[in-house]
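I have placed the structure first, in the form of structure tokens, so that the comments after it can refer back to it.
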Amino acid sequence: MGTRYLHREEGKRAHRPRSKDMSEQMQATHWADIYADKIIREKGPKARYTCASGITPSGTVHIGNFREIISVELVARALKDKGCDVRFIYSWDDYDVFRKVPKNMPNPTLLETYLRKPITLVPDTTGRAENYARANELDVEKILPVVGIHPEYLYQAERYRSSIYAEGMRTALEHRAEIKAILDEYRTTPLPDDWWPISVFSSFTDKDTTTILGWDGQWGVTYRDDETGQTETIDLRTTPYAKLPWRIDWPMRWAREGVDFEPAGKDHHSEGGSFDTSKKVVEVFGGKPPVSFQYDFISIKGRGGKISSSSGEVISLYDVLEVYTPEITRYLFVGTRPNTEFAISFDLDVLKIYEDYDNCERIYFGLLPVNEKRRAKEKRIYELSQVGEVPTEPSYQIPFRHLCNLLQVHGGDIDAAIATLDGVTPGQMDRLKVRCQCAWTWISTFAPEDFKWHLATASDKPLALEGASLASVRALVPEVEKLDEYDEKAFAERLYAVAAEAGLEGPEFFKTVYLVLIGKERGPKLAGFIKTCGKEKILPILRRY
RNA sequence: GGGCCGCUAGCUCAGCUGGUAGAGCAGCAGACUCUUAAUCUGCGGGUCAAAGGUUCGAUCCCUUUGCGGCUCACCA
């Protein structure tokens, strides 16, 4: 997973050796660069910096969770761009307890019998993977490479169950009073005197409904299964059943992995939240808290109708990638400071986002002159938005809205639509196709009705036209046959001539032709529209009259 | 109760480390022998929530207040 970055580094050196860029780099105004600087400043020079992220895969990993992942990836990239060696770890906290059956899961009755067990032992009733947690993990692991993210995954169930953290758990037990004091600072009711900084799944039932009875001061922990009443003594060095509760688990892993940077949501970052206590608890493990920041939530806009929020369905990275290309998906996050909330839109805003991105790209390639400050800013945003190495040529910038119409001309046939475009270079083709797929998904699924239409076909039943309307449509045929002889303006003049000769006012004529062609009273500006469609598509429709 | 974040043109927001504010949409005007436009052009004096403070100078820093939102104090 490191090689991709290596290529990217090489690419950058090859393409941007100008000294002007160096001074721009120095200023570091992008938030990812600012945090990279801060990490280096606070952690000092290191052979390798560790950036971490993670989540409990207790349900579909949604786009809000993705914000943390990409935030870390961007800071990791920024560190690499400064020449640092970086380890980017992603923790699947899949030894956490299954506490609630999510909505819309098949076979909820079966799932209910697994409550209180670790999610990694819960069956996947969707049949996608060997267990419930793994199914959620796989969804993410499969899609992240699409947006250029390649973390090193750490599976906590596997790690705990193989007793990798035996030392950590023992350390926690040894510092029980100290940890309790830290946690109690913020609790309304203090932890009980018989509290232990460790939790145990029952070896009899796999559930966490257990009570710790004692610790022998070494590796032995005795617990009771609250359901069956059985007791057992386990050895931390060999048992798969013990783990640390979250507020201790997190700092223990900071210390163990030497985490230098890990952001977190606002739920963790409040005073008394888990980041707050963890940065104190981590000292017990001989570590230091990572540099961090708080990222805000993400909302969704413009998916009314398709998704009902009450259904329990959530928007994932996969859904976003249906409408936004990988680099534009990154761009959404790159261009927004992490501590501000924003909405990912599926409505008309999509057009503007594409336009903004294209502008950013034009600025990067010097095709759109702006002042130095703006240029430096957009340039960095463009770089960080790229999935892999920064392209050497701009993409084929067909406006999204125009692309939607072009695709509708061809009924969604992407190859046919692309075939009508001039000057697409081989290097642009892949990105253009992805943009086409996104445009087609958007226009056919999320666009307002006003934007949607489809061309009539020869097999459709013709409209019942008569009089001047019928005459005008018939008179249009010979003009369209000579379509290629006219430029757009000349053809527009012919359209007016046809209308006049048939005795129709302009508006009435246009309305008729739109009804004939796309079944709507209004449409794209007619002359250009017919030229875009081409006579091969238009004539069969008109000749039915 | 604690913490965090907002409050900027009618609307949505930029303004990233202080130099008397910008963009999109909407609106208005105009152009193309062309429509209720998939076009292009022009038009933006808004006490930057309020009051103090620091400064030569603050939307941007500090303090206080108001309004709105989120979050913690249970688990992860």
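Reminder that position 57 of the first sequence reads as 100 in this note's numbering, one-by-one numbering, no gaps. Quick reminder that beta carbons are idealized off the backbone N, C-alpha and C, glycines included. All values derive from a computational prediction rather than experimental measurement.
Which one or two residues does DSSP pair with Ala307 in a beta bridge?
-> Gln337
Leaving out five residues before and five after Lys476 in sequence, what residues of the same chain have Cβ atoms less than 8 angstroms from its Cβ?
-> Ile457, Ile461
Would you decide whether Gly257 is buried or exposed? Buried here means 16 or more other CB atoms lie within 10 Å of its CB.
-> exposed
Around the Cβ of Thr435, are there at least 16 other Cβ atoms within 10 angstroms (buried) or fewer (exposed)?
-> exposed
Backbone CA spacing between Lys416 and Ala90 [nearest angstrom] = 33 angstroms
Straight-line CA distance for Gln273 to Pro149?
-> 33 angstroms
Three-state secondary structure assigned by DSSP to Pro583 = helix
Touch check for the segment 420-436 and the segment 373-388: three-plus C-beta pairs under 8 angstroms?
-> yes
In chain order, which continuous runs of the alpha helix (DSSP H) of length 4 or greater are located wholly inside the segment 500-585?
-> 510-524, 531-544, 549-561, 569-576, 578-585
To the nearest angstrom, report how far apart Trp135 and Ala298 are at their CA atoms.
-> 17 angstroms
To which residues of the same chain is Asp339 closer than 6 angstroms at the C-beta, ignoring the five residues directly before and after it?
-> Asn382, Thr383, Glu384
C-alpha distance - Asp473 paired with Val165, whole-angstrom precision | 40 angstroms
By Cβ distance, which residues of its chain are closer than 6 angstroms to Ser353, with the 5 residues on each side in sequence left out?
-> Low confidence applies here, because Ser353 scores a pLDDT of 45, under 50, leaving its location unreliable and the question unanswered by this model.
Helix, strand or coil at Ser495 [DSSP, three-state] | Note that residue 495 is Lys in the sequence shown, not Ser. Residue state, collapsed to three classes: coil.
What residues match up with Trp297 in a beta bridge as DSSP calls it?
-> Partner(s): none; Trp297 has no beta bridge.
Going along the chain, which residues of its own chain have a beta-carbon closer than 6 angstroms to the beta-carbon of Thr93, five neighbours each way excluded?
-> Arg130, Glu300, Gly301, Val302, Asp303
Exposed or buried, Glu432, counting other C-beta atoms within 10 Å across all chains shown (16 or more means buried)?
-> buried
Can you check whether the CB of Glu398 is closer than 8 angstroms to the CB of Cys481?
-> no
Pair every Cβ in the segment 326-337 with every Cβ in the segment 154-174, then say whether three or more of these pairs are closer than 8 angstroms.
-> no
Does the distance from the C-beta atom of Val516 to that of Phe443 stay below 8 angstroms?
-> no
Keeping to the same chain, check which residues put their C-beta closer than 6 angstroms to that of Pro550; ignore five residues upstream and five downstream.
-> none
Using three-state DSSP, classify Asp136 as helix, strand or coil.
-> coil
Please list, in chain order, all residues of the same chain as Thr484 whose beta carbon is under 7 angstroms from its beta carbon, the five residues on each side excluded.
-> Glu365, Val366
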